[in-house]
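Novice: Residue numbers (my numbering): 658 to 1286.
Glycine included, C-beta positions come from ideal geometry on N, C-alpha and C.
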């Protein structure tokens, strides 16, 4: 590979990736729902200066120490997603908004280096370390997009002072707090798993500074094992039980910890870290991913969701924070290995659970008069109007339930304001598929997601190459890819074949079969203009589990929406006919499915089912009863 190819594609990142099979950095201009969603989130959430000011003010007021809260996560969590969104949209207004938001946060740092929502007498309790983690992550992600070299150095110095204070107070030395004791010891902090997840930004700051004390601190965190309830690192390394069987089962925080484990591997080459990480995420995929691409059907906990997902429950389930973090963790595994199964999880999660969480209708009222937490969570109507409602829902039901029954991770703030963790994290999920659609590999390019649009990349020799993808995928079954570069050059473009279908690949006069859930690599590009066509089997099918049936078409999962018909239909596991029908409300697809018992059921793509959560007839059902149930 040329020096140009190796160096330039990562110039925007600065955090050098040394051990990955796939590398990001391909710019793109997309069409369709992915583009619409990213820009909707940008315009209706990320550009709201009132939110950035509100979040930064929590570091001035330092109110989290009063209730062991997590308001301090909001700024960094939303900054990470906002920077990822900017990497796609390249919107200058967004960049300036984020630049100002970073300056606003930096202004809250005290003389000791502390940027925290906890006071000196309450620090390193509750969710303080978790919030400090998100300060680092938010600043590190802005560093990647920052255009001002002088300001980038300021950011580094701010982060060093911030982390130096943590290292002074937390560690294995005399008069230091053990990281597994750096949080309130109760059922809501998961044995300090939240604190241990600071591992990821610690390693990233080491990458930026080469200061050994940060790597030493990361090594210390690894050795402590993640949680006082059980050493999750060792459990993953041994691989004898699944994550839902661990002593601590909190999905979001555990995946966040293992994202740090794989960053540590990239720096040190510690093979145990790579093994533990891959064992962990593979076990999650095997036992705890549902049909819509999320985990945790018992609150936000790993619980063998692959099996439990058919059960009706009055509890909240499948948290949006878990959806986004599952996508991010699979993205880490995809970069590391180039294995198609991780891209398949990202795809299913995005087009179902992730899109379903986006409140495109911009609700400026909660509509929670019948919800479970209306007495606790009462933002002013003026605030909701100013922010155009909450951009993301927090939970994704599957059986006879409504969306948005509770705002996940909410906290009241000053002057009638409130926010929640899932609302902050969502933008990372809506941006991720755009950033990972087309990636680099050593011998060329990889197409992970067939998102329509134009991609601007480099060939191995350094030529500009324009990749155009034309398709209605995943709702359609054909994809046309056109590659154009100034001069002929031989390189590989690897095409992901989705998990649900084999494919027929047409390249010139050749027609070649490709196997599902793999990368088709028999696509060497020789000419300066190459056209590749793929066709998938996108038939409507029924999947049976625990005496119930789910209907899908490719990566898209369908649900009954109460606006279409009753939820308690009884069907079979045999579909004898299916056709698209007129939509009664905004959605991507509406189907009439005929089952072998003669039952005709109208289904809507899950992503747009139940969006009318403020109305009476707003329940959804993915898993349908069968005659034998």
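Nearest-angstrom Cα distance between residue 1027 and residue 1044?
Specialist: Only weak support is given to the placement of residue 1027: the predicted model assigns it a pLDDT of 40, under 50, and the value that follows is read from those uncertain coordinates. Whole-angstrom Cα-Cα distance: 23 Å.
Novice: Out of 1266, 785, 1256, point me to the one whose CA is closest to residue 1241's CA.
Specialist: Selected option, being the one with the closest Cα: 1266.
Novice: Label residue 1182 either buried or exposed according to how many other C-beta atoms from any shown protein chain fall within 10 Å of its C-beta, with 16 as the threshold for buried.
Specialist: Classification of residue 1182: buried, given that the 10 Å Cβ count is 16 or more.
Novice: The alpha helix (DSSP H) spanning residue 912 covers which residue range?
Specialist: Note, residue 912: alpha helix (DSSP H), 908-925.
Novice: Counting only runs of 3+ residues fully inside the stretch 1200-1269, write out the beta strand (DSSP E) ranges in chain order.
Specialist: As far as the stretch 1200-1269 is concerned, its whole beta strand (DSSP E) runs of at least 3 residues are 1205-1210, 1213-1218, 1232-1237, 1247-1252, 1257-1262.
Novice: Residue 1070 by DSSP, collapsed to three states: which one?
Specialist: The answer is coil: DSSP assigns residue 1070 none of H, G, I, E or B.
Novice: Taking 8 Å as the cut-off, decide whether the C-beta atoms of residue 1158 and residue 1185 are in contact.
Specialist: Contact: no.
Novice: Between the beta-carbon of residue 854 and the beta-carbon of residue 931, is there less than 8 Å?
Specialist: No, Cβ-Cβ distance for residue 854 and residue 931 is not below 8 Å.
Novice: Between which two residues does the alpha helix (DSSP H) containing residue 994 stretch?
Specialist: Counting along the chain, the alpha helix (DSSP H) containing residue 994 begins and ends at 977-994.
Novice: Within the continuous beta strand (DSSP E) that includes residue 686, where are the two ends?
Specialist: 684-687 is the extent of the beta strand (DSSP E) around residue 686.
Novice: In the DSSP assignment, find the beta strand (DSSP E) that holds residue 1187 and state where it starts and stops.
Specialist: Unbroken beta strand (DSSP E) run through residue 1187: 1186-1193.
Novice: Return the chain-ordered list of same chain residues with a C-beta closer than 6 Å to the C-beta of residue 1032, the five sequence neighbours on each side being excluded.
Specialist: At residue 1032 the pLDDT is 46, less than 50, meaning the model places this residue with poor confidence; the figure from the coordinates comes in the next sentence. Correct list: empty, nothing qualifies.
Novice: Quick one: residues in its chain with C-beta nearer than 7 Å to the C-beta of residue 1029, no 5 flanking neighbours on either side, listed in chain order?
Specialist: Reliability of the predicted coordinates at residue 1029 is poor, the pLDDT of 42 falling under 50, and no value is obtained from them.
Novice: Should residue 1089 and residue 947 be called a contact, given that it needs their Cβ atoms to be closer than 8 Å?
Specialist: Cβ atoms of residue 1089 and residue 947: not closer than 8 Å.
Novice: Does residue 1049 come out as helix, strand or coil in the three-state DSSP assignment?
Specialist: Looking at residue 1049 - three-state DSSP - the assignment turns out to be strand.
Novice: Which of helix, strand or coil does DSSP assign to residue 1177?
Specialist: Three-state result, residue 1177: strand.
Novice: Specify the secondary structure class of residue 1277 as computed by DSSP and reduced to three states.
Specialist: Residue 1277: strand per DSSP, three-state reduction.
Novice: Out of 981, 1234, 846, state which residue places its alpha-carbon closest to the alpha-carbon of residue 883.
Specialist: For the residues 981, 1234, 846, the minimum Cα distance to residue 883 belongs to 846.
Novice: Can you give me the start and stop residues for the beta strand (DSSP E) that residue 1115 sits inside?
Specialist: 1110-1115 is the extent of the beta strand (DSSP E) around residue 1115.
Novice: Smallest Cα separation from residue 1175: which of 1104, 923, 1038?
Specialist: The shortest C-alpha separation from residue 1175 is found at 1104.
Novice: Rounding to the nearest angstrom, what Cα-Cα distance links residue 713 and residue 1125 in this structure?
Specialist: Approximately 41 Å, taken between the alpha carbons.
Novice: Helix, strand or coil for residue 1161 per DSSP?
Specialist: Residue 1161 falls in the strand class under three-state DSSP.
Novice: Compute the Euclidean distance between the alpha carbons of residue 1169 and residue 994, then round it to the nearest angstrom.
Specialist: Rounded to whole angstroms, residue 1169 to residue 994 spans 25 Å at the Cα level.
Novice: If you drop the 5 nearest sequence neighbours on each side, which residues of the same chain put their C-beta closer than 6 Å to that of residue 859?
Specialist: Taken in chain order, the residues that qualify are 871, 874, 875.
Novice: Okay, do the stretch 813-823 and the stretch 736-756 touch, 3+ Cβ pairs below 8 Å being the bar?
Specialist: At 8 Å Cβ cutoff, the stretches do not touch.
Novice: My output table needs one value for residue 1283: the three-state DSSP class, helix, strand or coil.
Specialist: Three-state DSSP puts residue 1283 in a strand.
Novice: So, for residue 920: in the same chain, excluding its five sequence neighbours on each side, which residues have a beta-carbon less than 7 Å away from its beta-carbon?
Specialist: Result list for residue 920: 857, 860, 861, in chain order.
Novice: Can the beta-carbon of residue 1087 be found less than 8 Å from the beta-carbon of residue 695?
Specialist: Against a cut-off of 8 Å, the Cβ pair of residue 695 and residue 1087 comes out as a contact.
Novice: Count the CB pairs spanning the stretch 683-697 and the stretch 1104-1116 that are closer than 8 Å, and state whether there are at least three.
Specialist: Touching, per the Cβ criterion.
Novice: If we call anything under 8 Å between Cβ atoms a contact, is residue 983 one with residue 912?
Specialist: Yes, these two residues count as a Cβ contact at 8 Å.
Novice: Can you tell which of 1135, 1149, 1092, 1074 has the C-alpha that lies nearest to the C-alpha of residue 1098?
Specialist: When each option's Cα is compared against that of residue 1098, the closest is 1149.
Novice: As a quick exercise: from 1263, 820, 900, 792, pick the residue whose alpha carbon is nearest that of residue 1219.
Specialist: Of the candidates 1263, 820, 900, 792, the one whose C-alpha sits nearest the C-alpha of residue 1219 is 1263.
Novice: Exposed or buried, which one is residue 836 when buried takes at least 16 other CB atoms within 10 Å?
Specialist: Burial call: buried.
Novice: Residue 1141 to residue 877, Cα distance in whole Å?
Specialist: Looking at the two C-alpha atoms, the distance is approximately 49 Å.
Novice: Quick one: Cα of residue 747 to Cα of residue 731, how far?
Specialist: Near 23 Å, if we compare the C-alpha coordinates of residue 731 and residue 747.
Novice: Starting from residue 827, follow its DSSP beta bridges and name the residues at the other end.
Specialist: Paired residues: 834.
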